[in-house]
Amino acid sequence: MPSAEERAELAEENADGEPGADPRLRLLGAYVARSLRPAADAWERCAGSAEARQLLHDFLGCGAAEGPRPLLVVRTGPGGLAVRPGLDAGPEAGPSRAKGLFFLRTRPEPPGPDSLRGAVLCGDLPAAPLEHLAAFFSEIVIPVLTNEKNHLDWPQVVCLDVQRHAHSLQGDLLVLLEQVKGKTLLPLPVGSEKMELVDSESETM
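Sequence positions in the sequence shown follow the numbering used here and run 514 to 718.
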């Protein structure tokens, strides 16, 4: 019985003779359909173009094992899709608020024709990744790190150093986010979130 790698090579050989014959393209297309909800046959038209076919061939082939590189699928307008190397959507991408879908190889062996699980990692790229990252830090990372119950066993020096770096990165993200919008924002001092907590508690008393 052929191994998963041999089946992948066979699927790749079949795909060279007939565009769209590689079953792995249909597996990728299923993720694209669930995430981006493109128009009917949009993925087939996109994957059938010369540029996208070469990018997909390189991504699914053995050469990707030398240096895993993300593959990004974006919407280019009503009913259109485009495949891009890396995470750059390109100047012709659709609305600036449109999200994308990335694929990343996770092991040297090419994925088999039956399933991409364990070989390809995929996920949504938010429409505004910088805002998404800033909100993630403010609402998840900072509260977790400032909760003393989460680092009872940490040395005091380590605890303070981690919190200092986290607050510094949060401030840089907020300043950068406002600079992108053409505004100027001074970073908040460390411990400002505790002041908000005290204010909210005093209002409830």
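Glycine residues also receive a C-beta, built at the ideal position from the N, C-alpha and C atoms.
This one's a predicted model, so the numbers in the text were calculated from it and none came from an experiment.
Reduced DSSP secondary structure (H/G/I, E/B, other) of residue i
i	result
residue 685	helix
residue 695	coil
residue 637	strand
residue 590	strand
residue 663	helix
residue 558	helix
residue 622	coil
residue 668	coil
Range covered by the beta strand (DSSP E) that runs through residue i
i	result
residue 616	613-618
Those residues which DSSP pairs with residue i across a bridge
i	result
residue 677	Looking at the DSSP assignment, residue 677 forms no beta bridge with any residue, so it has no partner.
residue 597	585
Counted within 10 angstroms of its Cβ, other Cβ atoms place residue i as buried (16 or more) or exposed
i	result
residue 685	exposed
residue 595	buried
residue 678	exposed
residue 556	buried
residue 565	buried
residue 692	exposed
residue 567	exposed
residue 550	exposed
residue 669	exposed
residue 488	Because residue 488 is not part of the residues shown, which for the chain are 514 to 718, the question remains open.
residue 673	exposed
residue 585	buried
residue 671	exposed
residue 627	exposed
residue 613	buried
N- and C-terminal bounds of the alpha helix (DSSP H) containing residue i
i	result
residue 545	536-549
residue 553	Counting along the chain, residue 553 falls outside any alpha helix (DSSP H), and DSSP gives it neither H nor E.
residue 629	From DSSP, residue 629 is part of no alpha helix (DSSP H); its letter is neither H nor E.
residue 644	642-649
residue 564	563-573
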